[in-house]
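In the numbering used here, the protein residues as written are 125 to 469.
All C-beta atoms in this analysis are idealised placements derived from N, C-alpha and C, irrespective of residue type, glycine included.
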Ligand code: 5AD
Ligand code: SF4
Ligand code: FES
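This is the structure:
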């Protein structure tokens, strides 16, 4: 136990750990509170007490990929597919601005449903509102990423999902870990702030795999890291699997904070699905970002990655008020800035 406490201390002061040390931390359950408190201190010291909000617009659930865990996979015929018109997306971004969000995240399944020209138009129009733009559109060519960057996109989210090659290949038919890493490197080189992350509790994922994921975030020097538990969806091939564990997800997040002290780390929706106070626990264990949903009406429930997704029947206005109250309730404040990564060292 004292050995694990020493590992936590080392991580807190040097922000470096070996894979073996990370595995020890993950395997030991006796020092979880110390780990969470250390991550909370590092968060406070490096990125402060302000919480950055990002308004999430889920603008289309059409997806050409077939990720085995995801409800939006192309083989799931139960999903009613939708795509918002460019003007409707821009209108949602205007509302997000009215709700005082500084960033919108444009997220969709991976598809060719919008032309590059349409996406450029959407990005330019939203950028003109004075908002920062994060894209989350999946794997594209470097040329396409470049066009969106030139149109004004600031950040890009693309979770690596798992760096364990065997697990990756088994869950992503027709996709490759190599191409996913290629995308992340291209995005970095184009000057995006790059967000990645992983799922916790995938079938056959080990503590060693998770340690590898964390070290990958560090080697990429990721600007943002979003992670959460895998939650089995009954309309997918993984319906019968056990799913991820809340505490283990928070531990992976806390260690990520210790190793990447100035990164932006969201308290994710999937965490709140497993624990009704999940996002606030995450904010007190290393996280400094929340991404409330600004998608409206019926589309919220049509964007069903996993069951039990929170806020399905809530309005964007309600969520904005709700999250502000919760953040203030734990003695933190909602940031009024864009919340770009501020490097410290
Ligand atoms: N449980 C938890 N997270 C999921 N995602 C997709 N399906 C699930 C699931 N069943 C996550 C993936 C993806 C992000 C948009 O949603 O990590 O990158
Ligand atoms: Fe499509 Fe993303 Fe779901 Fe994979 S995780 S099926 S790429 S929406
Ligand atoms: Fe949506 Fe609380 S953030 S109801």
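Around the beta carbon of residue 321, a 10 Å sphere encloses 16 or more other beta carbons of the protein chains shown; the residue is thus reported as buried. For residue 148, DSSP records no beta bridge to any residue. Between the ligand FES and residue 224, a heavy atom-to-CB distance of less than 6 angstroms is absent. Collapsing the DSSP output to three states places residue 346 in coil.
Straight-line measurement puts the Cα of residue 249 at about 43 angstroms from the Cα of residue 365.
Pairing residue 335 with residue 372, the inter-Cα distance amounts to about 12 angstroms. By a beta-carbon distance limit of 8 angstroms, residue 414 contacts residue 175. Their separation comes to about 6 angstroms. Listed in chain order, the beta strand (DSSP E) runs fully inside the segment 309-397 are 317-320, counting runs of at least 3 residues.
In this structure residue 237 is not in contact with residue 208, their Cβ atoms being roughly 10 angstroms apart against a cut-off of 8 angstroms. Bounds of the alpha helix (DSSP H) holding residue 247 are 240-251.
Residue side-chain check: residue 152 keeps its Cβ at 6 angstroms or more from all non-hydrogen atoms of the ligand FES. Three or more beta-carbon pairs drawn from the segment 280-288 and the segment 309-326 are found closer than 8 angstroms, and the two stretches are therefore classed as touching.
Approximately 36 angstroms separates the beta-carbon atoms of residue 421 and residue 378; this is outside 8 angstroms, ruling out the contact.
Placement of the Cβ of residue 440 at a distance of 6 angstroms or more from every heavy atom of the ligand FES is found. Each of 407, 155 and 161 was checked against the Cα of residue 448, and the nearest Cα belongs to 407. Per DSSP, residue 179 is one residue of the beta strand (DSSP E) stretching across 174-184. In the three-state DSSP reduction, residue 256 falls in the strand class (E or B). Within the model, the alpha-carbon separation for residue 327 versus residue 358 is close to 15 angstroms.
Following the DSSP letters along the chain, one finds residue 169 in no beta strand (DSSP E) but inside the alpha helix (DSSP H) bounded by residues 156-171. At least one heavy atom of the ligand SF4 falls within 6 angstroms of the beta-carbon of residue 262. When DSSP states are grouped into helix, strand and coil, residue 226 belongs to the coil group.
Within the same chain, Cβ atoms closer than 7 angstroms to the Cβ of residue 271 are found at 240 and 244, the five residues on either side in sequence being excluded. For residue 327, the shortest separation between its Cβ and any heavy atom of the ligand FES does not lie below 6 angstroms.
The beta carbon of residue 466 sits closer than 6 angstroms to no other beta carbon from its chain once the five residues preceding and following it are set aside. Out of 461, 457 and 428, the CA that lies nearest to the CA of residue 193 is found in 428.
With contacts defined as CB atoms closer than 7 angstroms, residue 454 and residue 404 qualify as a contacting pair.
Under the DSSP assignment, residue 198 falls outside any beta strand (DSSP E); it carries neither an H nor an E label.
For the pair residue 355 and residue 431, the Cα-to-Cα distance works out to about 7 angstroms.
Relative to the Cα of residue 140, the nearest Cα in the group 390, 340, 362 and 315 belongs to 340. With a cut-off of 6 angstroms, the C-beta of residue 306 is classified as distant from the ligand SF4, since no heavy atom of the ligand falls inside that distance. The three-state secondary structure of residue 143, taken from DSSP, is helix.
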